[in-house]
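Taking the numbering used here, the leading residue of the sequence shown gets 1, the next gets one more, and so forth. Glycine included, each C-beta is placed from N, C-alpha and C at the ideal position.
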Amino acid sequence: GRCVVSQDTDFFGSDLSGESAQSAGECCALCQKHHLCGAYSYVTAEGACWLKRPEAALHPSKKQGVVSGLLPDRRPPPPAPAPASLANPALLPSTGVIPILIIAYNRHDHLKRTIESILGAIPSKQQSSFPLIVSQQGAHPQTTNVIQSFSSKLARHLHFTYHDNGKRQKGYEGNSWMSYYKMTSHYGYAIQASFDISPDYAHLIVMEDDLDVAPDFFEYFTLAARVLDKDPSLYCASAWNDNGMSALVKDPRVVRRTDVFPGLGWMLTRKLWSEISRDGTWPLAFWDEAMREPQIRKGRACLIPEVNRAYTFGSQGSSQTGGRWWKKFLQPIRLNERPQPWSSLLNMTSGGKHEYDRRLRRALQEAESHTIEEALRADAGPGPAAGDPRDWVVEYRDVRDFESKAGRLNMLNEYKEGRPRGGYCGVVTIWAPCGRRVLLAHSSALAWAKGSEPECDGRASLA
């Protein structure tokens, strides 16, 4: 059938792939040929055709020069009502309160959208359980106006002014790095100031000013807070999966662990912040990299969902890579659209590291070994739908081998502190073109699965 077209409109997120097309009509035809595509956005000036899942049409925004379309026979399902459990105070930690901190600077339009997304995800009867704090760096007038327009909804408006003490990290002395020093100082100030508001704040959700959140964002973090309190092998929970691209994920009910701090909508405990303050491990710059380093991580992991509960719509920021990075690795992220019964999170994580490692070890033992070429084939043979539920495992030997194979799978092919982003114990789990769940596993992980050690070493470098 024909595509229902909207001029000067962009559909955010849920990307499947980026293609070249001569016209919006050709982009429509490409979408019709892709079995998962239900919507698209065509950037006229670039000839870029972004094929998307149907749910992308739920997030339209005005954008000059962009033509978006929807396949009527593949319309997204209407959003499901929030689960009744979300409004159940019994699900909250013992304090009953989890504050949300937004870090803001000068992107007033982004900030407005982020605040609206957050407020829209909080059940109306639970607003007091999730007090909203905005910390503003500087005095950008439009940003101030946006914050003041939500004053009745805010628990606190913090103000941060950077004071340069002249200290620099080695190798990053130039003025071009100053935004990272300012940002890290701002984060440190805002986290401390947020915990100082009330001694009852045992947890804190930290967000940047360019994030949309999923409808079950707060239920996820409510239950994650319980897990963090009980499991010393974890030090944070995040709404973000670094490999949460639409083509690589499938099950919105799955929660995993990762050794590499992801950020972008994350929770820490007061206990962790007290530990960082006591040890003096908060850095001068590059705060997110410091969260991945041994002096803060200490062999612990973060909880992440398979399907993201946050989506970044800001293509520009402090990162040196700017919009290119966003377009390649962030724009294709899939944001969950339908609330899930997150009570399953407690069952999935109740056994702690020991039980999680046992399940991962068994998965590696039972998985079929395949090459990267086989994993990339869309016609690789019968899969789970045909009654064969077995995972596939693709081995990588070192950083270069990982970068090559992950790049071919359109994953985020980066290592941080000797470990792959989105991975746990050297294993990154995705859904590949072959239709199988694929465990991209370091040689040492496969050796561990064959050995007798029940838990993997969360501190070992895999470089």
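- Residue state for residue 399 is assigned as helix, using DSSP reduced to three classes.
- Going by DSSP, residue 6 is part of no alpha helix (DSSP H) but of the beta strand (DSSP E) stretching over 4-6.
- Taking C-beta atoms as the reference points, residue 267 and residue 211 fail to come closer than 9 Å.
- About 25 Å separates the CB atoms of residue 333 and residue 418; that is not less than 8 Å, and the two are not in contact.
- The distance from the Cβ of residue 177 to that of residue 290 is about 15 Å, inconsistent with a contact at the 8 Å cut-off.
- The beta-bridge partner set that DSSP reports for residue 160 consists of 137.
- Rounded to the nearest angstrom, the Cβ distance from residue 18 to residue 48 is 6 Å, consistent with a contact under 8 Å.
- Annotation note: the region 193-258 contains the following uninterrupted alpha helix (DSSP H) runs of length 4 or greater, listed N- to C-terminal: 217-230.
- Annotation: the continuous beta strand (DSSP E) that includes residue 102 extends over 100-104.
- Distance from the CA atom of residue 209 to the CA atom of residue 34, rounded to whole angstroms, is 34 Å.
- By the Cβ criterion, the region 226-236 is not in contact with the region 276-284, since fewer than three pairs of Cβ atoms, one from each stretch, lie closer than 8 Å.
- In this structure residue 135 touches residue 160 by the C-beta definition: roughly 6 Å separates them, less than 8 Å.
- Counting along the chain, the unbroken beta strand (DSSP E) around residue 10 starts and ends at 9-11.
- Counting only residues of its own chain and dropping the five nearest sequence neighbours on each side, residue 248 has a CB closer than 8 Å to the CB of 409, 410, 411, 430, 431 and 432.
- For residue 354, the enclosing alpha helix (DSSP H) stretches over residues 352-366.
- Beta-bridge pairing by DSSP links residue 49 to 19 and 42.
- In this structure the region 117-129 does not lie against the region 171-186, because fewer than three pairs of beta carbons, one per stretch, are closer than 8 Å.
- Taking a contact to require three or more Cβ pairs closer than 8 Å, the region 63-72 and the region 101-114 do not qualify as touching.
- Classified as exposed, residue 371 has fewer than 16 neighbouring CB atoms from the shown chains inside 10 Å of its CB.
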